[in-house]
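FYI, numbering that gives the first Met the number 0 numbers position 105 of the sequence shown as 104, with every residue one higher than the one before it.
Where a beta carbon is used, it is the ideal one built from N, C-alpha and C, also for glycine.
This report refers to the structure that appears directly beneath it.
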Amino acid sequence: MEFISRVYFEPRRLLNKSEYGILQVLERLTREMGGGYRVMAQTSLGEVIAPVNGAASGSEEARDLAFRSINSKRLDFLVIDRTGMPALAVEYQGHGHYQNRAFMRDAVKREAIRKARVPFLEIPAEYDRTVVENQIRSALRPDERRGSA
């Protein structure tokens, strides 16, 4: 509290204009599809996936290090199902995306999401809205998702 009391804070924009456009597409499609889907933005990866406990998933130290590797990373968007489980992870690769260490951050997210068996969609800066909408619908169809009937 000592450090917080020494400074002022200001609100920051959660999404830029392009990201907000993706949010609108996701929200519209999930409403149209029904099924209780909800869209979250800027979601901590460590809140929605975790290393599996047990020796088959590596040592306790390995699981801890793996969790630390994902916990500080955020998904641009996450669609959850009616039970709150991840249904689709979405990353928007905007124009300024390929700067600094973004490639490595994305590789870590991509691999962790793949291992958790959550569908993952990367949307490039220049995208065809119809193609993206079809990809989202396909990923969220119950008969194509894991463990659904």
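Check                                                                                                                                                       : Outcome
Is the Cβ-Cβ distance between A115 and I48 less than 8 Å?                                                                                                   : yes
Considering Cα atoms alone, identify which of E60, E90, E125 and R11 is closest to P118.                                                                    : E90
Apart from the five residues just before and just after R30, which ones in its own chain have a Cβ nearer than 6 Å to its Cβ?                               : none
Under a three-way DSSP split, which group does E143 fall into?                                                                                              : Residue confidence is low: E143 scores 48 on pLDDT, short of 50, so the model does not pin down where it sits. No coordinate-derived value is stated.
What does DSSP give as the partner residue(s) for P167 in the beta ladder?                                                                                  : Outside the modelled stretch of the chain, which goes from 0 to 148, sits residue 167, for which no answer is possible.
Short of 6 Å in beta carbon distance, which residues of its chain neighbour R144, apart from the five on each side in sequence? Order them along the chain. : The predicted model places R144 with a pLDDT of 46, which falls under 50 and marks its position as unreliable, so this point remains unresolved.
In three-state terms, what does DSSP make of Y19?                                                                                                           : helix
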